[in-house]
Amino acid sequence: MVTVPLVRAGRLSAFLSINRNEPHRWNDDELRFTRDTAERTWTALDGARAQATLRAERDRSRYIFDTIGEGFALLDSDWRIVEMNAEGLRICHLAAEQAVGRTHWELFPESASTEASAMLRRVMAERRAGQTEYQLPMVGGRGGWNEIRAFPVHGGGIAIFFRDITDRKGV
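Now the structure itself:
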């Protein structure tokens, strides 16, 4: 039997043992192969642990994204909606397939000349956060108010958080 210690950051982490059914004198090539195998195995385990950690973080983030009580939309630098959460879709009366991939201005042309639009354009251009309240136009008998906060995101584009404040406004 040959046993190879796995040491990480100066600490013993594990052993890899290999044995044969019969007595055997291990030569240098076999020992080198065993050490290399131990190292590759440990590296693969580290990678698997890192992937599991990333998946858990992604799942946690997705859960928060899907359950927060505010609408959220991520727009790229061409104003195209990259992602919108369930609350955002509900507030906007849209399905994901109607929103994702289309520009903000295609979906909401009536907002183009509003203070909300001006705030979003400032955030996109100046790369500084902004916020405003926006009175929704009457469309299909529906109107109301939204509070909108926008933030620049790394690589261009903006993140928009919004919520219905119609009740607060007393409308």
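With the working numbering, letter number 165 in the sequence shown gets 192, and the count goes up by one each step, no holes. Each residue gets a CB set at the ideal place from its N, CA and C atoms; glycine is no exception.
Counting C-beta neighbours from all protein chains within 10 Å, is the total for residue i 16 or more, i.e. buried, or is it exposed?
i, result
"residue 146", "buried"
"residue 161", "buried"
"residue 120", "exposed"
"residue 37", "exposed"
"residue 67", "exposed"
"residue 126", "buried"
"residue 112", "buried"
"residue 163", "buried"
"residue 102", "buried"
To the nearest whole angstrom, what separates the beta carbons of residue i and residue j, a pair I think is in contact under 8 Å?
i, j, result
"residue 98", "residue 115", "3 Å"
"residue 31", "residue 61", "5 Å"
Look up residue i in the DSSP assignment and give the residues it is bridged to.
i, result
"residue 107", "130"
"residue 44", "30"
"residue 80", "Bridge partners of residue 80: none, in fact."
"residue 157", "177"
So, do the region 78-87 and the region 47-58 have three or more beta carbon pairs nearer to each other than 8 Å? no
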